[in-house]
Amino acid sequence: MTTRTAFISGPLDPSDAYFRLHYEPLIQTAIRAGDSFIVGPVAGVDAMALSFLLRSGVQPQRITVYMAHFEYYDEPRKLAFETLGVNVRLVGPATATTRDRDAAMTAASDYDILRYRTEAEAKAEYGPRWYPRVSNTEMNERRRRGISSAAYTLPDVSETNSHRSSRKLKILEFFKFNY
């Protein structure tokens, strides 16, 4: 049996119920398959997944935490991961961003365990603080599919230019009146 590597990513602020529903079953399947895991060094799904993996008896050597330069050189943070016995990997030069880190994680993994909130869920969760954007988690999915665009709404090939312009105006109007 060939083992694979799963990249786990998701919201920074999920509830325990969200994690149990959307992540635990998929992670348990990957654990049973003997797969390895990659997570980031951030709160939310990444931290919950790391804790879940270790509580589930996954050997720390099967887990790698990827850190961008600015995260890696936060010594207490790095030491906390090293103390757990997991692998810690530095990504890129000092200018590396979280998206660069996530791109390296996509490249080093075989598949994703991820979920991001739908627009309706995000609006309900954040209320007036919601704004149209592509989350890092959604970018992870896009990257895996070979899509590099971070455009909030990817254009439908059947759309006309006037429809695209209209949609852009609506997004611009949103920012004008809400920020």
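Take any residue in the sequence shown, count from 1 to its spot, add 415: that is its number in this note's numbering. Heads up, the beta-carbon is just placed ideally off N, CA and C, and yes, glycines get one too. Being a predicted model, the structure only gives us computed values, none of them experimental.
Item	Value
Nearest-angstrom Cα distance between D428 and V460?	8 Å
Could you work out which residue in G542, L529, V473 and T533 is closest to S424 when comparing CA atoms only?	L529
Can you look up L529 in the DSSP assignment and give me helix, strand or coil?	strand
Considering only residues of the same chain and omitting the five flanking positions on each side of R419, which have a CB-CB separation below 7 Å?	D450, D525 and Y526
Can you grab the Cα-Cα spacing for the pair P491 / T513, in whole Å?	19 Å
Whose CA, out of L499, T552, G561 and H484, lies closest to the CA of R470?	L499
Sort Q474, Y531, Y546 and F496 by Cα distance to V480 and report the nearest one.	F496
Identify, in the order they occur along the chain, each residue of the same chain with its Cβ nearer than 8 Å to the Cβ of R558, setting aside the five sequence neighbours on each side.	D517, A518 and T521
Once you ignore the five residues that flank M554 on each side, which residues in its own chain have a CB closer than 8 Å to its CB?	R514, D517 and A565
Whole angstroms is fine: what's the gap from E536's alpha carbon to A462's?	22 Å
Can you have a look at S573 and say buried or exposed, based on whether 16 or more other CB atoms are within 10 angstroms of its CB?	Residue placement at S573 is flagged as unreliable, the pLDDT there being 45, under the threshold of 50; a coordinate-derived value is accordingly withheld.
For I453, tell me which candidate among P508, S430, V503 and I562 has the shortest Cα-Cα distance.	V503
What does the alpha-carbon distance come out to for the pair Y433 and R532?	10 Å
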